[in-house]
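Accompanying notes for the structure given below.
2 protein chains.
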Amino acid sequence: MSLARSVLKGDRLALARRLSEVEKNTPAGHAALNELFPHTGKAHLIGVTGAPGTGKSSLVNQLALHYRRPPQGEPRRVAVVAVDPSSPFTGGAVLGDRIRMRELAGDKDVFIRSMASRGSLGGLAQATAGVVAAYDAAGYDVIIIETVGAGQSEVDIARLAHTTLVVEAPGLGDDIQAIKAGILEIADILVVNKADRPGVENTERALKNMLALAHPTQKVFQHHGQRMTAEPENKDEAEVPMWIPPIQRTVAPDGEGLPELITHIAAHYAYLQTSGDLTRRERARLANELDVHLRERLVADFHEGLSPGAYEDALDQIVARSLSPTEAVAQLLKK
Amino acid sequence: MSLARSVLKGDRLALARRLSEVEKNTPAGHAALNELFPHTGKAHLIGVTGAPGTGKSSLVNQLALHYRRPPQGEPRRVAVVAVDPSSPFTGGAVLGDRIRMRELAGDKDVFIRSMASRGSLGGLAQATAGVVAAYDAAGYDVIIIETVGAGQSEVDIARLAHTTLVVEAPGLGDDIQAIKAGILEIADILVVNKADRPGVENTERALKNMLALAHPTQKVFQHHGQRMTAEPENKDEAEVPMWIPPIQRTVAPDGEGLPELITHIAAHYAYLQTSGDLTRRERARLANELDVHLRERLVADFHEGLSPGAYEDALDQIVARSLSPTEAVAQLLKK
């Protein structure tokens, strides 16, 4: 039996091995993904992002635990990929796997893996997409994509998710407004974690004000860069109310607010299905994956076709300022 | 006289117009950059990065003011590009230009511009590189590239700089360790801003400990991903001491620590020159620019060569899970 088939059968060791290949972007990794890909498309992909210091890891930990004992319905199989784009050069798993595993260890239906970037965001997003696809094929119901930081990398990772949670916490400094302005546009659910800290009312009020600004008449809202108006294309959709991101307080280590948060996540997934938005997000998500692969392949093929030294020659001329980068590209393409 | 020539002559309005073209990635912007490029390579490029809440904008403001009245030597002409990757979908200038301009307004030798990402990090890094090149050609001595956030985007922006300042501040939360681990590797100078706040000793001690771990014998150090050992290739370099990132406390609004910071920056630039590292960083920086342009051009050419509908057909098959993204790429390349 091939490793990919073992993954489909739920073999954790086979999954871990395949994930290593996927992360390293090896031919075996590509082959496994091709074999696994037809079996994807079933999981609910949840992105969790926010600034450092908001307690995301602890929240994700609790989310996983609560999916194993949900407020209603069956326990779900949960896989987590924790992406750390702030650690670009080190490689390997750097987040607190072991800390988390103490609570979740022994549960065969929870799988957690951390990834650090290896210097290229494109590479990281691609590797993360591969890990998510492998989880999906392996039958995990809920896949959580966690990212550290507050920049473009979060947005790129959020593009991989169906439902994006943006985590805030009281008292995180003065340019928090600047973050929210951008991050509100990717948030489906806002979490005020560390809600037992002083200043929680201020944080919540600030978020409410920003939401009110973003949804002035509750008739127009944006998400994932797509502007939706109150006049949808067909009548079915007109009956679906707009999604306004709810704000949920949590105290992650105590599990406070977690059952409510899980209910919000389920409500958002139901909304995505009834509104037809799930189909649109899936298509955008897969188009993004296609583009990343396409770009990588085009660049690799191009370098393969160049005569030896041509690239370094062009670079020499740029360094000498006798050729601009765009002129150098034109010259290289002629060859 | 062409606009590009006016930029070279120091015309601020011409510069502002060209920067708009460069940001929008228009043919006029490309043409201007090609004309300006031979005149670049003179400025000292300084990156300023760090987590939200560290007071970077205020620090950059003060840096600009102090370069206008340096502790020693002549006043320098300063240009700032403040990049906000956390605001991906809004476009335009979002950072506190007006706040800053109140203090620096009227000084013809200071130029400040803010940029928000337009959904693509590659695009943002490319546009920022273009803005930096235009500043350089326009004769600014010191160019400061400021970024908000704490992720991969910072690293990509830091690749544009010769000297990278990483800004920390006391009391910024519990996963600050995770940030530092990655960010130390890009730091040439560490700034503890808001040094009048409680906890400044802890922050400084934590940084010192991490530096000690990173430079155990002071014989090996890393920067920009390059590992340098105590045995350099030639004897000249052997006489240059290794650069260990200094830690400087600042209280930006008061200008406290700013003269010392400017001295550290000058020392780092001198180090880059004597060690030969400036040449290496310039080459890496320009190679990165070349790669970004190359990638963009290859993708554009590819799409132009496709038959209408071929891309959407491939995407349909991916959505239907009858083709994996890599298989789709192979299929598209055959056409």
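Note that the protein sequences, when read in sequence, are chains A and B. Under this note's numbering, the final residue of the first sequence carries the number 335; numbering is consecutive throughout. Under this note's numbering, the final residue of the second sequence carries the number 1335; numbering is consecutive throughout. For every residue, glycine included, the Cβ atom is placed at its ideal position computed from N, Cα and C. It should be emphasised that the depicted structure is a prediction, and the values quoted were computed from it without experimental measurement.
For Leu-278 of chain A, there are no C-beta contacts with chain B under 7 Å, since the nearest C-beta of that chain is about 12 Å from it. Shown here for Asp-107 of chain A: same chain residues with a beta carbon closer than 7 Å to its own, the five before and five after excluded, namely Arg-68 in chain order. Of all residues in the region 255-285 of chain A, those with a C-beta nearer than 9 Å to a C-beta of chain B are Thr-279, Glu-282, Arg-283, reading in chain order.
Taking 8 Å as the cut-off, the Cβ atoms of Arg-285 of chain A and Arg-159 of chain A count as close. Taking C-beta atoms under 8 Å as the contact rule, Ala-1133 of chain B and Thr-1040 of chain B qualify, at a distance of about 5 Å. Apart from the 5 residues on each side of it in sequence, Pro-259 of chain A sits with its Cβ closer than 6 Å to the Cβ of Pro-71 in its chain, given in chain order. Going by C-alpha positions, Leu-294 of chain A is about 28 Å away from Ala-187 of chain A. What His-1044 of chain B touches in chain A, judged by beta-carbon distance under 8 Å, is nothing: the nearest beta carbon there is about 17 Å away. Here Asp-136 of chain A is buried: its Cβ has 16 or more other Cβ atoms, across all protein chains shown, within 10 Å.
For Val-22 of chain A, the uninterrupted alpha helix (DSSP H) run begins and ends at 12-24, by DSSP. Contact annotation: Ala-1310 of chain B and Leu-1332 of chain B have beta-carbon atoms nearer than 8 Å. In the DSSP annotation of this structure, the continuous segment of the beta strand (DSSP E) that includes Ile-1046 of chain B starts and ends at 1044-1050.
Secondary structure at Arg-281 of chain A: helix, using DSSP grouped into helix, strand and coil.
With distances taken between CA atoms, Pro-325 of chain A lies nearest to B:Asn-1034 out of B:Thr-1263, B:Asn-1034, B:Thr-1163, B:Glu-1168. Secondary-structure assignment with DSSP links Glu-1256 of chain B through a beta bridge to B:Val-1251.
Nearest Cα to Thr-164 of chain A within the set A:Ala-212, A:Gly-50, A:Pro-198: A:Gly-50. For Glu-289 of chain A, the nearest CB of chain B lies under 8 Å from its own CB, placing it at the interface with that chain.
In this structure, Val-1200 of chain B sits away from Thr-1054 of chain B, with a CB-CB distance that is not shorter than 8 Å. In the DSSP assignment, Thr-1164 of chain B falls within the unbroken beta strand (DSSP E) covering 1163-1168. A straight line joining the alpha-carbon of Gly-1171 of chain B with that of Gln-273 of chain A spans about 42 Å.
Going by DSSP, Leu-190 of chain A is part of the beta strand (DSSP E) stretching over 189-192. DSSP links Thr-1147 of chain B through a beta bridge to B:Val-1083.
Not a single C-beta of chain A is nearer than 8 Å to the C-beta of Val-1022 of chain B. Taking CB atoms only, Ser-1324 of chain B has a neighbour in chain A less than 8 Å away. DSSP links Met-1115 of chain B through a beta bridge to B:Val-1083. As DSSP reads the structure, Val-78 of chain A sits in a beta bridge with A:Val-110, A:Val-142. Identification of chain A residues near Arg-1295 of chain B by a Cβ-Cβ cut-off of 7 Å yields Arg-295, Val-299, ordered along the chain.
A straight-line Cα-Cα distance of about 25 Å links Ser-6 of chain A and Gln-1317 of chain B.
Annotation: the continuous alpha helix (DSSP H) that includes Gly-29 of chain A extends over 27-36. The beta carbons of Asp-141 of chain A and Arg-76 of chain A sit about 4 Å from each other, so the pair counts as a contact at 8 Å.
When C-beta distances to chain A are compared with 7 Å, every residue of the region 1202-1214 of chain B stays at or above that value. Between the C-alpha atoms of Ile-1189 of chain B and Arg-321 of chain A there is a straight-line separation of about 29 Å. The alpha carbon of Glu-1256 of chain B has as its nearest neighbour, out of B:Leu-1063, B:Ala-1016, B:Leu-1015, B:Leu-1045, the alpha carbon of B:Leu-1063. Per DSSP, Glu-1327 of chain B is one residue of the alpha helix (DSSP H) stretching across 1325-1334. Distance from the CA of Asp-1196 of chain B to the CA of His-1264 of chain B, rounded to the nearest whole angstrom, comes to 21 Å.
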